[in-house]
Every structure is written in structure tokens, then in C-alpha cells.
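If you read the sequence shown in UniProt numbering, its first letter stands for residue 9, the second for the next number, and so on.
Think of the CB as a built atom: it goes at the ideal place given N, C-alpha and C, for glycine as much as any other residue.
Computed from a predicted structure; not experimentally measured.
So the structure is just underneath, and the comments pick up after that.
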Amino acid sequence: EYALEATDLRKTYAGSKNAPPKEALKGVDLRVRRGSIFGLLGPNGAGKSTFINIFAGLVNKTSGTAKTWGIDIDRDSRAARAAIGVVPQEINMDVFFTPYETLELMAGFYGVPKEERRTDELLEAVGLSDKRDAYVRQLSGGMKRRLLVAKAMVHTPPVLVLDEPTAGVDIELRRQLWAYVRELHARGTTIVLTTHYLEEAQELCDEIAIIDQGEVIACEPKETLLKRM
Ligand code: ADP
Ligand code: ADP
């Protein structure tokens, strides 16, 4: 069994009056090993967000199968969604809550019982313990991104997916975010991230798939892939 498994996965976005239909995924076959840090690398518009949004339950696939931690999303979408945490690209949080409240609300949303919540432990894992009771609006951009990571982890999913986690952030913050991702991986979480930076995939991932125009054109361990480039 895999962390994520896609078989002949296809997505065509319906067109509109002014836009023709868009085939964003053209039959993707992809398997993400449990325990890996997996990079989905490709240029803008390649289909990376579409791929992960299908697993996140945010986009309906057109055809094919998708399994999260062995659970077919068509068979049990709730259980499949519970097995994954997704860190979106854009920062969307209520700025008038504190980090602690933000995580508690999310845990409530996921139905995590009070006694099973690990809110303080999560804040520590992403280096926000000392901002526990500050307002989100007072946090720096990097802190907000780290809080987003914690928010995706409140229900302790075995798989954490990050959509372009460091797009538009400076090199120092990028390295800092990488360190937190490694920390979560070391604690046992399978990591999948999308990126259009080769450097990011190279630095962080042990397996890399390259996607272009809705098709996976390579998928292999980092070492063998880089030797061919
Ligand atoms: P679907 O119903 O096929 O799953 P969505 O609900 O995801 O499509 O998208 C709703 C609408 O948002 C689309 O019809 C499209 O016009 C618009 N849209 C959102 N993102 C994009 C994008 N990146 N490129 C083009 N159109 C987009
Ligand atoms: P990436 O994440 O690699 O940048 P996306 O999955 O966002 O790629 O987009 C893949 C293709 O699908 C692009 O051509 C994009 O414009 C199109 N697309 C994405 N979302 C929508 C949408 N909701 N409606 C229509 N087209 C979309």
C-alpha cells in the first residue's frame, strides 16, 4: 500500500463561453511510497495543484482512481480526507484569533476529541510556542506559513501535502520552512510537496516526479534523476 496512489487520473475543467475546456491531468499514474518526502516538480500550469486538490477533496476528478493511504476516495471520501493534511498556497486564516485558537478551531472542525488534541506540541514542532497567544495578524509571513502547516496537521494525518510551500519567500525563510518540513518527516509523516523550484525538490525530496502539461514525464529517486539532467 502507498501513501498516495493515482491510476490513470484525469481532470478536464469545464470551459465557459470564453474559455475552452482544459485538460489539466491526462491520465496520471503515480505512487508515493509511505515514509518518503516526495516532490512533484513542474512549471506553472503543469497540473500540480489539480493533482493534490483531487486528493484534498477540493476538485472532482473526471476519471481514474485516487487512493489516500490505501483508501479509495470514491469509496470513502471522508476517511480518505482524514488521512491527508493539505497546506494551501495562499495564506487564508482569521487574523483575529491566536495560533492556539486557530489550531483548536481546526481540531474541532475535524472532530478531534479534546483529550486527543496536541495543540501545544504542534505549536512547538513549527516553532511557534512563544506566539501561542499572540494574534495571527501580528505574525510575520513566515510564522503564518508555519501556522498553516500546523493547521494541516491537527488531525494527525499520515500524509502531509504542501502546495508550493515556499513560493515567493526569501531564501532564509525557505531554509527555515524546509527545516520544519524535515522535522515533521522525522516525526513519522509522509511528505508530498509541489514545487517549480528544482533546488527545492533537490534539497528536500528523496523521490521526484516531473509533471508537464498534465503528464508525468519522469518519476524516480532523486539520485538517478539528477544524474540524467
Ligand atoms: P470544476 O467544476 O470543473 O471542478 P472548479 O469548480 O474548480 O471547476 O472551477 C470553477 C471555475 O473557476 C471554473 O469554471 C473556471 O472558470 C474558474 N477558474 C478557477 N481557476 C482557474 C484557472 N487557474 N484557470 C482558469 N479558470 C479558472
Ligand atoms: P500548477 O499547480 O502546476 O500550476 P494547475 O493544476 O493549477 O497547475 O493548473 C493546470 C491547468 O488547469 C492550467 O492550465 C490551469 O489554468 C487550469 N486550471 C486550473 N484550475 C482551473 C479551473 N478551476 N478551471 C479551469 N482551468 C483550471
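Exercise. Report all residues from its chain with a CB closer than 6 Å to the CB of Y205; omit the five preceding and five following residues, and keep chain order.
Key: none
Quiz prompt | Any C-beta of chain B under 8 Å from that of F117 | solution = Protein chains in the displayed structure number just one, and chain B is not present.
Exercise. Using alpha carbons as the reference points, say which of Q184, D178, R153 lies closest to D171.
Key: R153
Exercise. Decide yes or no for the touch test of the region 115 to 128 against the region 54 to 62: beta carbon pairs closer than 8 Å, at least 3 of them.
Key: no
Exercise. Please report how far the alpha carbon of T198 lies from the alpha carbon of L156, in whole angstroms.
Key: 17 Å
Quiz item: With 16 other CB atoms within 10 Å as the buried threshold, where does T76 fall?
Solution: buried
Quiz item: So does Y21 have its beta carbon nearer than 7 Å to some heavy atom of ligand 2?
Solution: yes
Quiz item: DSSP beta-bridge partners for S71?
Solution: R18
Self-check item: Residues bridged to L33 (per DSSP)
Solution: K19
Exercise. Mind checking who A226 pairs with in its DSSP beta bridge?
Key: I218
Exercise. State yes or no: is the C-beta of T198 nearer than 7 Å to some heavy atom of ligand 2?
Key: no
Quiz prompt | Spatial distance of Y10 from A54 (CA atoms) | solution = 23 Å
Self-check item: Secondary structure of D138, DSSP reduced to three states
Solution: helix
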